[in-house]
Amino acid sequence: MDMHTVVVGTSGTTADDVVAVARHGARVELSTAAVDALAASRLIVDALAAKPEPVYGVSTGFGALASRHISTELRAQLQRNIVRSHAAGMGPRVEREVVRALMFLRLKTVASGHTGVRPEVAQTMADVLNAGITPVVHEYGSLGCSGDLAPLSHCALTLMGEGEAEGPDGTVRPAGELLAAHGIPPVELREKEGLALLNGTDGMLGMLVMALADLRNLYTSADITAALSLEALLGTEKVLAPELHAIRPHPGQGVSADNMLRVLAGSGLTGHHQDDAPRVQDAYSVRCAPQVNGAGRDTLDYAAVVAGRELASSVDNPVVLPDGRVESNGNFHGAPVAYVLDFLAIVAADLGSICERRTDRLLDKHRSHGLPPFLADDAGVDSGLMIAQYTQAALVSEMKRLAVPASADSIPSSAMQEDHVSMGWSAARKLRTAVDNLTRIVAVELYAATRAVELRAAEGLVPAPASQAAVAALRAAGAEGPGPDRFLAPDLAAADAFVREGRLVAAVEPVTGPLA
């Protein structure tokens, strides 16, 4: 557990705080301002609950059942019932970090003072996070509209001491037992509180924030692997000149070109060894790497803008406004988040595609400019990296399927009251798979490119200092260099972990300086 503490106030949170809580176990505290805002908004809800006129979410049913006025003695049961009935997820368990992000982001909205939830409920949410208790949430149950309903309901069920949760030791137990073991009293929900715990885009937003963090690392890693491949193919670095990218001023393109140029600084391979196979231009997958990588970077930047807006939002229905009104709204609709989740799946697929094309070029003796077939030690006796490229190609094909947008779909629910939904949760789930696959694809290119660079070095050519640092670090991480065929899966797994954990970027930055 990270001893860093994240203080939750009334004005949203940051992406770094989400990652700290979700992935690194940072502690959570409510600010004094948040506690005061919670108490103030609760007074408004209590006053409305005492009136004879029905108020949606306070003294009525929900969704298509919103026309029924609920009597005072049934309202606590109403709030319990919405949590129990909506905790209807199915399928595999969702990852711990996703559930922690889900809970933390719901707490962020509750703490804004726009939901009418009592301070003690918010404190229980913080206590559960700090105890390392993770509700069991299932893969299916959210349409991305009216919030991530089933996932959030399973979290709310844990607050009530019902359902199942995972303890800090990884064991799944009844939630009531886990709360008792940590001295956390279960909450007894009152008017509006059950509804307020369910009505948010928190799951899809949490997955977006974590995907952005992962993709930032992957795009920098892909700039490095593209540079290594260019070097191994004896390509020219002239296409990376800043003046060329200044006349097409997409920001990400210039960043990627600069990253590649810094990795290649001091190379004895680039642009000087084309006498045996002269070529005017390098192939698109080499020459256009900054354009493709850069366009993806720009898409990440736009997605981060959307995530930032959502992190600053209070998503609930109805909401408590500063003037004392409690108003219904449609802010729970996940369209803004769903769209960018799908955009990221598209650019991730295209990045994977161009990485695979460079790998294939490194292995093809007709296009690799003198490298041995499949980078094998004794081609024919050895198959080299032939099947590593098959694995990469299979991953790329799946990436293309995952790039089909979930947000283009909609399916009506709740007796046609909720007749258009975002499918943002589904977009987020497939993006997580896409990010995992992209990491593996980049790792295969890295493994092939470093082997090719080493083979060039064996011919007496001197790789760039940054390339040498990448090769040395990867070999130290357990991914072996050129030689006769061996059991290859462990090497690829080592390369995967090396990229996934940011160690590729860390290996070259002492030479290049910080890369973007």
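No gaps in the numbering here: position 453 of the sequence shown is 1228 in my numbering, and each next residue is one more.
Note that CB positions come from ideal geometry on N, CA and C, so glycine has one too.
Since the model is a prediction, treat every value here as computed from it, not as a measurement.
Note to self: Under DSSP, the beta strand (DSSP E) around T780 begins and ends at which residues?
What the structure shows: As a working mapping, residue 780 is identified with position 5 in the sequence shown. Here the beta strand (DSSP E) through T780 covers 780-783.
Item checked: Distance CB(R881)-CB(V796) smaller than 8 angstroms -> Residue 881 sits at position 106 when you count from the first residue of the sequence shown. Residue 796 sits at position 21 when you count from the first residue of the sequence shown. Remark: C-beta atoms of R881 and V796 do not approach each other more closely than 8 angstroms.
Check: Going by beta carbon distance, what residues of the same chain come within less than 6 angstroms of G1159, once the five residues before and after it are set aside?
Finding: Here residue 1159 corresponds to residue number 384 of the sequence shown, with the count starting at 1. Residues of the same chain with a CB within less than 6 angstroms of the CB of G1159, apart from the 5 flanking positions on each side, are F1149, L1150, A1151 in chain order.
Next item on the list: With DSSP as the reference, label P1187 as helix, strand or coil.
Entry: Taking the sequence shown and counting its residues from 1, the one referred to as residue 1187 is at position 412. Under the three-state reduction of DSSP, P1187 is assigned to coil, being neither helix nor strand.
Next item on the list: Could you please give the first and the last residue of the uninterrupted alpha helix (DSSP H) stretch that includes E952?
Entry: Indexing the sequence shown from 1 puts residue 952 at position 177. Residues 950-956.
Check: Looking at the structure shown, is M865 part of a helix, part of a strand, or coil, going by DSSP?
Finding: Along the sequence shown, one-based indexing puts residue 865 at 90. In this structure, M865 counts as strand in the three-state DSSP scheme.
Checklist line | Supposed close pair L1177, T1208 - CB separation, criterion 8 angstroms | finding: Locating residue 1177 in the sequence shown gives position 402, counting from the first residue. Locating residue 1208 in the sequence shown gives position 433, counting from the first residue. That belief holds up - the Cβ atoms of L1177 and T1208 are roughly 6 angstroms apart, short of 8 angstroms.
Next item on the list: Just list the alpha helix (DSSP H) runs in the stretch 838-912, keeping only unbroken ones of 4 residues or longer that don't cross its boundaries, in chain order.
Entry: Look at the stretch 838-912 and you find these whole runs of alpha helix (DSSP H), each 4 residues long or longer: 850-861, 871-885, 894-905.
Next item on the list: May I have the straight-line CA-CA distance separating M776 from H799, to the nearest angstrom?
Entry: Working through the sequence shown from its first residue, we reach residue 776 at position 1. Working through the sequence shown from its first residue, we reach residue 799 at position 24. Reliability of the predicted coordinates at M776 is poor, the pLDDT of 47 falling under 50, and no value is obtained from them.
Checklist line | Residues bridged to E941 [DSSP beta-bridge criterion] | finding: Here residue 941 refers to the residue found at position 166 of the sequence shown. The partner list for E941 (beta bridge, DSSP) reads T909, V947.
Next item on the list: Mind checking which residues open and close the beta strand (DSSP E) that includes L805?
Entry: Stepping through the sequence shown from its first residue, residue 805 is reached at position 30. Where L805 is concerned, the enclosing beta strand (DSSP E) stretches over 802-805.
Next item on the list: Out of D1125, G936, L973, point me to the one whose CA is closest to A955's CA.
Entry: Within the sequence shown, the letter at position 180 stands for residue 955. Checked all of D1125, G936, L973; the closest Cα to A955 is G936.
Note to self: By the three-class DSSP mapping on this structure, what secondary structure does Y831 have?
What the structure shows: Stepping through the sequence shown from its first residue, residue 831 is reached at position 56. DSSP places Y831 in coil when its eight states are reduced to three.
Next item on the list: Please say whether V885 and A897 have beta carbons closer to each other than 8 angstroms?
Entry: By 1-based counting over the sequence shown, the position of residue 897 is 122. By 1-based counting over the sequence shown, the position of residue 885 is 110. Cβ distance < 8 angstroms, so A897 and V885 count as in contact.
Item checked: Delimiting residues of the alpha helix (DSSP H) encompassing S1172 -> Position 397 of the sequence shown, counted from the start, is the residue given in the question as residue 1172. Per DSSP, S1172 belongs to the alpha helix (DSSP H) from 1161-1177.
Notebook entry, point to check: Relative to the alpha-carbon of V794, which residue among Q1192, L877, A808 has its alpha-carbon at the smallest distance?
Noted result: Along the sequence shown, read from residue 1 onward, the residue named residue 794 stands at position 19. The residue with the shortest Cα to Cα distance from V794 is L877.
Note to self: For E1193, list the residues DSSP reports as bridge partners.
What the structure shows: One-based indexing of the sequence shown puts residue 1193 at position 418. Bridge partners of E1193: S1188.
Notebook entry, point to check: What three-state label does DSSP hand E966 in the structure shown?
Noted result: Here residue 966 refers to the residue found at position 191 of the sequence shown. DSSP places E966 in the coil class of the three-state scheme, outside both helix and strand.
Notebook entry, point to check: For the 8 angstroms Cβ check, are there 3 or more pairs between the stretch 974-992 and the stretch 942-950?
Noted result: Put simply, the stretch 974-992 does not touch the stretch 942-950. Fewer than three CB pairs are less than 8 angstroms apart.
Check: Quick one: what's got a C-beta closer than 7 angstroms to D1250's C-beta in the same chain, skipping five residues either side?
Finding: If you number the sequence shown from 1, residue 1250 lands on position 475. According to the sequence shown, residue 1250 is Arg rather than Asp. If you ignore the 5 residues before and after R1250, its C-beta comes within less than 7 angstroms of the C-beta of G1256, all in its own chain and listed in chain order.
Checklist line | Top-ranked residue by Cα proximity to L823, from L1279, L993, G922, E966 | finding: Counting from 1 along the sequence shown, the entry for residue 823 is found at position 48. Between L823 and the set L1279, L993, G922, E966, the nearest pair of CA atoms involves E966.
Check: Hey, quick one: how far does the alpha helix (DSSP H) through L1263 stretch, first residue to last?
Finding: Stepping through the sequence shown from its first residue, residue 1263 is reached at position 488. L1263 -> no alpha helix (DSSP H), and no H or E assigned at all.
Next item on the list: Answer yes or no: do A1064 and M1035 have a C-beta to C-beta separation smaller than 8 angstroms?
Entry: Residue numbering aside, residue 1064 sits at position 289 when the sequence shown is read from its first letter. Residue numbering aside, residue 1035 sits at position 260 when the sequence shown is read from its first letter. Between A1064 and M1035, the CB-CB gap stays under 8 angstroms.
Notebook entry, point to check: Which first and last residues belong to the alpha helix (DSSP H) in which Q1056 is found?
Noted result: Sequence index remark: in the sequence shown, residue 1056 carries index 281 (1-based). Careful: Q1056 lies outside any alpha helix (DSSP H) and carries neither H nor E.
Check: Going by beta carbon distance, what residues of the same chain come within less than 7 angstroms of A863, once the five residues before and after it are set aside?
Finding: To locate residue 863, count along the sequence shown from 1; it is residue 88. Result list for A863: G916, A925, in chain order.
Next item on the list: Measure the CB-CB distance between R1136 and S1143 and report whether it falls below 8 angstroms.
Entry: Mapped onto the sequence shown, residue 1136 falls at position 361. Mapped onto the sequence shown, residue 1143 falls at position 368. Contact flag set, yes.
Check: Smallest Cα separation from K883: which of A1202, V1090, H1195, G1109?
Finding: Taking the sequence shown and counting its residues from 1, one reaches residue 883 at position 108. The shortest Cα separation from K883 among A1202, V1090, H1195, G1109 belongs to V1090.
Item checked: DSSP beta-bridge partners of Y915 -> By one-based count along the sequence shown, residue 915 stands at place 140. In the DSSP output, where bridge partners are listed per residue, Y915 has M865.
Note to self: Using a Cβ-Cβ cutoff of less than 8 angstroms, which residues in the same chain neighbour G784 once the five nearest sequence positions on both sides are dropped?
What the structure shows: Locating residue 784 in the sequence shown gives position 9, where the first residue counts as 1. Once the five neighbours on either side are set aside, the close Cβ partners of G784 are S806, A808, A809, A886.
Notebook entry, point to check: Taking A1087 as the reference, which of I1162, V873, H889, H844 has the closest Cα?
Noted result: Here residue 1087 corresponds to residue number 312 of the sequence shown, with the count starting at 1. It is H889 whose Cα lies nearest to the Cα of A1087.
Notebook entry, point to check: Assuming G769 contacts T1011 under a Cβ cut-off of 8 angstroms, what Cβ separation, rounded to an integer in Å, is found between them?
Noted result: Here the chain comprises residues numbered 776 to 1291, so residue 769 is not present and cannot be evaluated.
Checklist line | Span separating the alpha-carbon of F1107 from that of L973 | finding: Against the sequence shown, residue 1107 aligns to sequence position 332. Against the sequence shown, residue 973 aligns to sequence position 198. Annotation: F1107 to L973 spans about 10 angstroms, alpha carbon to alpha carbon.
Note to self: Pairs of beta-carbons, one from the stretch 1193-1205 and one from the stretch 1109-1121, closer than 8 angstroms: are there three or more?
What the structure shows: Counting Cβ pairs under 8 angstroms, three or more are found: they touch.
Next item on the list: Leaving out five residues on either side along the sequence, give the residues of the same chain with a beta carbon under 8 angstroms from the beta carbon of V1246.
Entry: Residue 1246 sits at position 471 when you count from the first residue of the sequence shown. For V1246, where only same-chain residues beyond five positions count, the Cβ hits under 8 angstroms are T1225, V1228, E1229, P1238, G1256.
Item checked: L990 versus A1202: straight-line alpha-carbon distance, rounded -> In the sequence shown, residue 990 corresponds to position 215, counting from 1. In the sequence shown, residue 1202 corresponds to position 427, counting from 1. Answer to the nearest angstrom: the Cα atoms are 16 angstroms apart.
Notebook entry, point to check: Can you tell me the Cα-Cα spacing of V1014 and D1076, whole angstroms?
Noted result: Along the sequence shown, read from residue 1 onward, the residue named residue 1014 stands at position 239. Along the sequence shown, read from residue 1 onward, the residue named residue 1076 stands at position 301. V1014 and D1076: Cα-Cα distance of roughly 24 angstroms.
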